[in-house]
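Asker:
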Amino acid sequence: MILAIDIGNTHMVLGCLNEKNETVKRVQMTTDRQQTSHEYAAGIRQVLQMEREEAVSFDGSILSSVVPELTDVVAEAVRILTGKRPLVLGQGVETGLALDMNGLTADQIAGDLLATAVAAVHNYPLPAVVIDIGTATTMTVVSAEGVYLGGVILPGPGTSLQALVKDTSLLPAVDFSRPDRAIAKDTVNAMRAGIVYGSAGAIDGILDRFEEELGVSPTILATGGMGRILAPYCRHRITVDDSLLLKGLGIIWRNNRKPAEKAAEPETV
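This is how it looks when you write it as structure tokens:
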């Protein structure tokens with residue numbers, strides 16, 4: 001079993017992957033920049049053991065992060081739990097993914113983008129576009145040959161909603177939920193419709209431009225905290241894969257596994 005962790009700006013996703021790289025457990029924790037390694041270790045142990053009576057055994061672990069100040073904190077938490085530090089996605093880690101990024105190397109690209117691209121290459125027809133909808137929405141492109149081509153970054157729906165409330169005097173704070181219709185009849189539903197249909201429209205517009213540049217219609221994948229909510233509002237056919245990032249991390253861990261580690265006994269959490 002592999003423990004895969006992705007530290008995002010708002011949430012941290014943890015997954016348990018079996019020997020077939022299937023996600024057998026997926027949980028979320030709130031990203032808290034104030035917690036210590038021991039606090040994270042206790043929290044990770046608690047969420048992993050929820051709904052399970054037996055302890056979870058791991059052959060290894062891998063970590064990706066877009067919150068640099070927490071990378072070492074969570075890596076140390078994993079060491080406390082398992083006795084070994086995780087593989088941290090970054091410089092020196094072999095992703096197995098070719099890049100066409102004007103000289104940029106893998107360690108200069110966010111680990112979550114690389115991991116989802118790796119998973120797309122191994123699990124779906126190419127070319128592919130991966131849409132990760134969270135605090136930021138990222139849309140990355142992988143060519144028919146499996147080469148990482150780049151993409152775009154735009155504000156996520158929640159970020160757009162927060163900015164709208166913060167920078168206006170009369171608009172209220174509202175919860176993020178699905179609108180019933182585009183032509184709203186009150187302020188709250190107008191805000192919800194604007195965020196949802198606006199975000200979906202932005203995604204559709206960028207997908208149209210990607211298709212023009214590629215010259216073909218790619219496989220379109222959505223993941224991230226809001227991927228399942230927004231995908232139905234887009235006009236393109238989108239496959240939602242909540243575990244895409246975790247699958248990619250599992251593949252990368254196996255690509256970097258040393259021969260000595262293959263004979264190591266798993267640690268129990």
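So the sequence shown is numbered by full-length UniProt numbering: it starts at 1 and just counts up by one. Every residue, glycine too, gets a C-beta built ideally from N, C-alpha and C.
1. Just to confirm the assignment: which complete alpha helix (DSSP H) runs, minimum length 4, are found wholly within the segment 204-268?
2. Determine, using beta-carbon pairs with one atom in the segment 123-141 and one in the segment 206-219, whether at least three such pairs fall under 8 Å.
3. Kindly indicate which three-state DSSP category R26 falls into: helix, strand or coil?
4. Which residue wins for smallest C-alpha separation from residue 271, given the options E39, L48, A231 and V67?
5. If you draw a straight line from the C-alpha of D241 to the C-alpha of A222, how long is it?
6. Is it true that the segment 227-237 meets the segment 93-107, where meeting means three or more beta-carbon pairs spaced less than 8 Å apart?
7. Relative to the ligand FAD, is the shortest distance from any of its heavy atoms to the C-beta of A200 smaller than 7 Å?
8. Output the boundary residues of the alpha helix (DSSP H) element that contains V121.
9. Around the C-beta of G248, are 16 or more other C-beta atoms found within 10 angstroms, so that it is buried, or is it exposed?
10. In terms of residues, what are the limits of the alpha helix (DSSP H) holding D72?
11. So L164 is in the beta strand (DSSP E); what residue range does that whole segment cover?
12. Using the DSSP secondary-structure output, state which residues sit across from D6 in a beta bridge.
13. Relative to the alpha-carbon of G151, which residue among E213, L246 and M226 has its alpha-carbon at the smallest distance?
14. Please go through the same chain and pick out, in chain order, the residues whose beta-carbon is closer than 7 Å to the beta-carbon of S243, but skip the five residues on each side of it.
15. Within 10 angstroms of the Cβ of L113, are there 16 or more other Cβ atoms? Answer buried if so, exposed if not.
16. From which residue to which residue does the alpha helix (DSSP H) around A42 run?
17. Assess, as a yes-or-no matter, whether the segment 36-50 is touched by the segment 160-170 under the definition of 3 or more beta carbon pairs within less than 8 Å.
18. Between M50, V93 and H122, which has its C-alpha nearest E145's C-alpha?
19. So, helix, strand or coil for V196, using DSSP?
20. Classify G198 as buried or exposed, calling it buried when 16 or more other Cβ atoms lie within 10 Å of its own Cβ.
21. Pop quiz: V196 and R178 are said to be a contact at Cβ under 8 Å. What is the actual Cβ separation, rounded to whole angstroms?
Answerer: Inspection of the coordinates gives the following:
1. List check, alpha helix (DSSP H) in window: 227-230, 244-255 and 259-262.
2. A contact exists between the segment 123-141 and the segment 206-219.
3. Locating residue 26 in the sequence shown gives position 26, counting from the first residue. Looking at R26 - three-state DSSP - the assignment turns out to be strand.
4. Nothing in the structure corresponds to residue 271, since the chain is present only between 1 and 269.
5. Against the sequence shown, residue 241 aligns to sequence position 241. Against the sequence shown, residue 222 aligns to sequence position 222. Looking at the backbone, the Cα of D241 and that of A222 are separated by about 6 Å.
6. No: the two stretches stay apart, fewer than three of their Cβ pairs being nearer than 8 Å.
7. The ligand FAD is absent from the structure shown, which contains no ligands of any kind.
8. Here residue 121 is taken as the residue at index 121 of the sequence shown, counted from 1. Per DSSP, the unbroken alpha helix (DSSP H) holding V121 starts and ends at G111 to N123.
9. Counting from one through the sequence shown, the residue named residue 248 turns up at place 248. Residue environment analysis places G248 among the buried positions, since at least 16 neighbouring C-beta atoms fall within 10 angstroms of its C-beta.
10. If you number the sequence shown from 1, residue 72 lands on position 72. Taken as a continuous stretch (DSSP letters only), the alpha helix (DSSP H) holding D72 covers P68 to T82.
11. Taking the first residue of the sequence shown as position 1, residue 164 is located at position 164. For L164, no beta strand (DSSP E) run applies; the uninterrupted alpha helix (DSSP H) run containing it begins and ends at P157 to K166, by DSSP.
12. One-based indexing of the sequence shown puts residue 6 at position 6. Note: D6 sits in a beta bridge opposite V13 and S64.
13. One-based indexing of the sequence shown puts residue 151 at position 151. Minimum Cα distance to G151 is reached at E213.
14. Looking up residue 243 in the sequence shown gives position 243. Once the five neighbours on either side are set aside, the close Cβ partners of S243 are G15, T23 and R26.
15. Your numbering for residue 113 matches position 113 in the sequence shown. Classified as buried, L113 has 16 or more neighbouring CB atoms from the shown chains inside 10 Å of its CB.
16. By one-based count along the sequence shown, residue 42 stands at place 42. It spans S37 to Q49 - the alpha helix (DSSP H) in which A42 sits, taken as one unbroken run.
17. Contact fails between the segment 160-170 and the segment 36-50, because fewer than three Cβ pairs, one in each stretch, are under 8 Å apart.
18. Position 145 of the sequence shown holds residue 145. For the residues M50, V93 and H122, the minimum Cα distance to E145 belongs to H122.
19. Residue numbering aside, residue 196 sits at position 196 when the sequence shown is read from its first letter. Three-state DSSP puts V196 in a helix.
20. Looking up residue 198 in the sequence shown gives position 198. G198 counts as exposed, since fewer than 16 other C-beta atoms from the protein chains shown sit within 10 angstroms of its C-beta.
21. As a working note, residue 196 is residue 196 in the sequence shown. As a working note, residue 178 is residue 178 in the sequence shown. Yes, they are in contact, since the Cβ atoms of V196 and R178 sit about 7 Å apart, within 8 Å.
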